[in-house]
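Participant: Here my numbering is used: the first residue of the sequence shown is 554, the next is one more, and so on.
Backbone N, C-alpha and C define an ideal beta-carbon position, used for all residues, glycine too.
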Amino acid sequence: MSKTITFVIILMILVAVVGVFNHQRLENKEKQEVKLLVDKAVLQIEEKGEFVFPELRILSPGHDLYVFVWRLDGIRVVYPPDPGGEGKNMTDLKDAQGKPIGKLFIQTAENGQGWVEYYWPKPGEKEPSLKITYIKRAQYQNQTYLVGSGFYV
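#1: Where does the unbroken alpha helix (DSSP H) through Phe606 begin, and where does it stop?
#2: Give the C-beta separation of Ile654 and Tyr671 to the nearest angstrom, bearing in mind that I take them to be a contact with Cβ-Cβ under 8 Å.
#3: Near Val669, which residues of its chain fall below 7 Å by C-beta distance, leaving aside the five closest residues on each side in sequence?
#4: Can we say the region 689-697 touches the region 638-653, given the rule of at least three CB pairs closer than 8 Å?
#5: Can you round the beta-carbon distance between Val595 and Val700 to whole angstroms, since I take them to be within the 8 Å contact cut?
#6: Using a Cβ-Cβ cutoff of less than 8 Å, which residues in the same chain neighbour Asp592 once the five nearest sequence positions on both sides are dropped?
#7: Using 8 Å for Cβ pairs, my map puts Val605 next to Gln597. What's the rounded Cβ distance?
#8: Which one of Pro607, Gly677, Asp617, Val622 has the shortest CA to CA distance from Tyr698?
#9: In terms of residue numbering, what span does the alpha helix (DSSP H) encompassing Leu657 cover?
Below is the structure:
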């Protein structure tokens with residue numbers, strides 16, 4: 554009897570370890586995809602400035618990832634899910650737990666680039682989920698932008 558219990562416990566531990574490994578691998582894949590998307594958008598912005606914004610507003614059908622762009626003063630200039638929200642000051646934006654993500658996005662861009670984790674509801678849901686967003690600074694002439702994209706865990 555105790556050998557069976559020991560076997561079941563070991564099996565459960567192995568399943569948990571494999572699950573964690575697969576989750577981490579999937580998260581790393583998502584991070585690579587998001588970083589590539591943001592890096593590409595930064596290059597386009599640094600070449601063409603605001604003339605590339607209409608291209609960035611186009612959402613890929615069936616794809617959850619999109620790029621958003623703010624000026625470093627917090628004004629949102631590209632937001633594909635809700636273009637009507639462009640022009641808003643996002644500096645005081647907070648996540649579902651009160652984390653000041655607007656300020657964190659700006660600080661991250663001022664430092665060059667980085668990842669920000671926060672809780673935000675998935676589209677069509679009310680409960681917040683962990684979201685990981687990559688932020689990178691882009692410079693075009695005298696205007697500095699914050700470019701980002703993220704995914705839900």
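Facilitator: In short, the structure shows the following:
#1: The continuous alpha helix (DSSP H) containing Phe606 extends over residues 606-609.
#2: Contact holds; Cβ gap of about 5 Å.
#3: Spatial neighbours of Val669 in its own chain (CB-CB distance under 7 Å, excluding positions within 5 residues in sequence) are listed in chain order as Ile654, Leu657, Phe658, Thr661, Thr686, Ile688.
#4: The region 689-697 and the region 638-653 do not touch, with fewer than 3 CB-CB distances between them shorter than 8 Å.
#5: Between Val700 and Val595 the Cβ distance is about 5 Å, and since that is below 8 Å, they are a contact.
#6: Within the same chain, Lys689 come within 8 Å of Asp592 by CB-CB distance, once the 5 residues on both sides are set aside.
#7: Taking 8 Å as the upper bound for CB-CB distance, Val605 and Gln597 are in contact here, some 4 Å apart.
#8: Tyr698 has its Cα closest to that of Val622, out of Pro607, Gly677, Asp617, Val622.
#9: For Leu657, the enclosing alpha helix (DSSP H) stretches over residues 654-663.
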